[in-house]
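Student: Numbering (the working numbering), first residue to last: 645 to 1105.
Glycine is no exception: its CB is placed at the ideal position from the N, C-alpha and C atoms.
Submitted below is the structure of interest, expressed as structure tokens.
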Amino acid sequence: MERMVLFRLEWYLERYTKYPSCMAGFRRGRSSIDCVLDLSTFVQQEKSRKRISVALFLDVKGAYDNVAHDAILTSLAAMGIGGRMFQWIKDYITGRGFFVQTYEGTTAQHYTYCGVPQGGVLSPTLFNVALIGLVKVLPKSVCLSIYADDICLWSAAVTRPQVRARIQRAATLTTAYLQKQGLNISTVKCALMAFTRKPMTPYPVYINGQSVKYARTHRFLGIIIDRSLSWSPHCAYLKKRLLSIVHIMKFLCGKAWGTSVASMLQLYRALFLGLLRYSLPVLTNTCKSNTHSLESLQGQALRICLGLPRCASTYATIMLAKDHPVRTYIVVDCLRAHIRHASRVPDHHLALLPSGRPRATFSDVIAKHLNSIPSGYTPAARTACPLWCLDQPQVRLEIPGIKKKSSHSRVALKQATLLLLHELYLDRTQIYTDGSVSSSSSSSAAVIPAAEMTIKFKLSH
């Protein structure tokens, strides 16, 4: 039931563009790396214009546990959601109780008067609904990114007093808005970052009467951002994490024993590359030494997978494993991110990033490979008529004249099936599907004879 309500609520919010473009959490076609990419490209563009950029990273106390029910319901009503859906969501979040059962009996029932259910399917979307109005409160000179309860504000100006005034006003407005939603900001855990070498301590920003500390580095959505955008602290953190994965792989195989090469390469793609490639779209301007150290770790991991000696060349090992070096992955992931912005979501706010922020290093990568990127994308928009309003298709589970398959030959069964298709479905496009599940894999296939198309998928468990 919750999934059905979520499906319909998401369709309405996306179809009528109720979400602001800066909100990326739990939305299809968007990623947490978009928020970091938006901030880093903005700073690089403003730096080329000799302007000072400052970012404010906010920490919300117990966000999912403290958001007010009235704030969610008010936001839903303001967006035009009413009727049965509004009443169902109201009954879903209000009047909830819980108790603890022990060997000595059960405790008294306690009721919750705020927050969304932990682990609930609807909880992330309902929390997003409560924060939708934040973008309307802030001035246009301040940029915003929201990913669940991770909120970042940033702006730029010619002088330090100007940018401090903009951030201070945005912080005050954001604090007031969040308090109306039942949320409070932990000033101690918040951080300010000025992307300049000039001292900013004479220009403090206050939240709830307490000054926010300026930081040289800050971890935001899994990426460690430094004030010079060199990404050296993040690369150091990344190398530490990747090295721990390499040590785990050493225990799984050796030169003449252990897991098969195919299984080790699959583990390498899932663990090593999965962690590495997440942050690569923003590492376009990192120094060559950082790239080289990451490639050395990549070669070390692949040597373990292939059972090669330590003296084997890094690039020869990468080539033997039919993989790409880190520097190639940086370009590939930048292009993938740009294509996703332009093709997956209609009117993505980062789709025009290369032309809007040409001085950013991300834009440089896109510009160098612009001739290789397909053009004329048609993003998949939400259908004007929702799926649940379409006519229910008629499903036939029987063939006339056949009650038991075992009593007829295969030729007779095929003849009866083809006759039924010719009589009832001659003007339809025929699509044949099949699938299977085993203990180690799942596979599916679809065949469209009219289009001479065959689609196959296989996943390993």
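As a quick exercise: from PRO846, PRO843, GLY764 and ILE948, pick the residue whose alpha carbon is nearest that of SER904.
Tutor: ILE948
Student: Just list the residues that DSSP pairs ILE696 with in beta bridges.
Tutor: ALA801
Student: Leaving out the 5 sequence neighbours to the left and right, which residues in its chain are closer than 8 Å to LEU782 when beta-carbon positions are compared?
Tutor: LEU788, LEU797, ALA814, LEU817 and THR818
Student: Which of helix, strand or coil does DSSP assign to THR861?
Tutor: strand
Student: Can you name, in chain order, every residue of its own chain whose Cβ lies under 8 Å from the Cβ of LYS1049, other than the five neighbours on each side?
Tutor: LEU1057
Student: With burial defined as no fewer than 16 other Cβ atoms inside 10 Å of the residue's Cβ, what is the status of PHE742: buried or exposed?
Tutor: exposed
Student: DSSP on CYS879, reduced to helix/strand/coil?
Tutor: helix
Student: Tell me where the alpha helix (DSSP H) around GLY902 begins and ends.
Tutor: Premise fails: GLY902 is in no alpha helix (DSSP H) and is neither H nor E.
Student: So MET608 is in the alpha helix (DSSP H); what residue range does that whole segment cover?
Tutor: A question about residue 608 goes unanswered here, because the residues of the chain that appear run from 645 up to 1105.
Student: Given GLN1059, which residues of its chain have a CB within under 8 Å of its CB, disregarding the five upstream and five downstream residues?
Tutor: Cβ neighbours of GLN1059 beyond the five flanking positions: none.
Student: When you compare the stretch 863 to 870 with the stretch 878 to 896, are there three or more beta-carbon pairs, one atom per stretch, that lie closer than 8 Å?
Tutor: yes
Student: Buried or exposed for ASP1071, please, with buried defined as at least 16 other CB atoms from any protein chain shown within 10 angstroms of its CB.
Tutor: It counts as exposed.
Student: For PRO998 and ASP1008, I'd like the C-alpha separation in whole angstroms.
Tutor: Distance between the alpha carbons of PRO998 and ASP1008: 8 Å.
Student: Considering only the beta carbon of each residue, do ASN1015 and LEU827 sit closer than 8 Å?
Tutor: no
Student: Check each candidate in ALA965, PRO1023, ARG971 and GLY1000 and name the one with the smallest Cα separation from ASP991.
Tutor: If we check each option's Cα against that of ASP991, PRO1023 comes out closest.
Student: Measuring alpha carbon to alpha carbon, tell me which of THR930, GLN825 and THR845 ends up nearest ARG971.
Tutor: Ranking THR930, GLN825 and THR845 by Cα distance to ARG971 puts THR930 first.
Student: Would you check if the distance between the CB atom of ILE790 and the CB atom of SER799 is smaller than 8 Å?
Tutor: Between ILE790 and SER799, the C-beta spacing is not below 8 Å.
Student: Out of curiosity, what's the CA-to-CA distance linking TYR912 and VAL760?
Tutor: The straight-line gap from Cα to Cα measures roughly 37 Å.
Student: Nearest CA to the CA of PRO925: which residue from CYS897, ARG647, VAL680 and ALA835?
Tutor: VAL680
Student: For GLN689, which of ALA1090, PHE1006, SER1082 and ARG1026 has the nearest alpha-carbon?
Tutor: PHE1006
Student: Which of the three DSSP states is assigned to TYR1131 in this structure?
Tutor: In the structure as shown, the chain starts at 645 and stops at 1105, and residue 1131 therefore has no counterpart that could be examined.
Student: Please look up how many angstroms separate the CB atoms of GLY673 and ARG980, rounded, as I've assumed it's under 8 Å.
Tutor: In fact, because the Cβ distance is near 13 Å, the residues do not count as touching under 8 Å.
Student: Throw me the rounded Cβ distance for the THR769 and PHE670 pair, which I believe falls under 8 Å.
Tutor: Confirmed, about 6 Å.
Student: With a CB to CB cut of under 6 Å and the five nearest residues on each side skipped, what residues in its chain are close to ARG740?
Tutor: THR756
Student: Tell whether a beta-carbon distance below 8 Å holds between VAL807 and VAL890.
Tutor: no
Student: Could you give the first and the last residue of the continuous beta strand (DSSP E) run that contains ILE733?
Tutor: First-last for ILE733: 727 to 737, but that is the alpha helix (DSSP H), not the beta strand (DSSP E).
Student: Short check: CB of VAL704 to CB of ILE795, under 8 Å?
Tutor: Taking a C-beta distance under 8 Å as the contact criterion, VAL704 and ILE795 qualify as a contact pair.
Student: To the nearest angstrom, report how far apart ALA712 and GLN825 are at their CA atoms.
Tutor: 6 Å
Student: Rounded to whole angstroms, what is the Cα-Cα separation between ARG1076 and ILE1092?
Tutor: The sequence shown places Tyr at residue 1076, not Arg. Going from the Cα of TYR1076 to the Cα of ILE1092 covers about 7 Å.
Student: Going by Cα to Cα distance, which pick from VAL849, PHE771, LYS833 and SER888 is closest to HIS862?
Tutor: LYS833
Student: Quick test of your reading: LEU941 and LEU887, contact by CB under 8 Å. State the CB separation rounded to the nearest angstrom.
Tutor: 6 Å
Student: From what residue to what residue does the beta strand (DSSP E) around CYS787 run?
Tutor: 787 to 791
Student: Terminal residues of the continuous beta strand (DSSP E) containing GLY1079?
Tutor: 1076 to 1081
Student: Between which two residues does the alpha helix (DSSP H) holding ASP709 run?
Tutor: 707 to 710
Student: Could you name each continuous alpha helix (DSSP H) segment of 4 residues or more that falls completely within the stretch 983 to 1018, going from the start of the chain to the end?
Tutor: 997 to 1000 and 1005 to 1012
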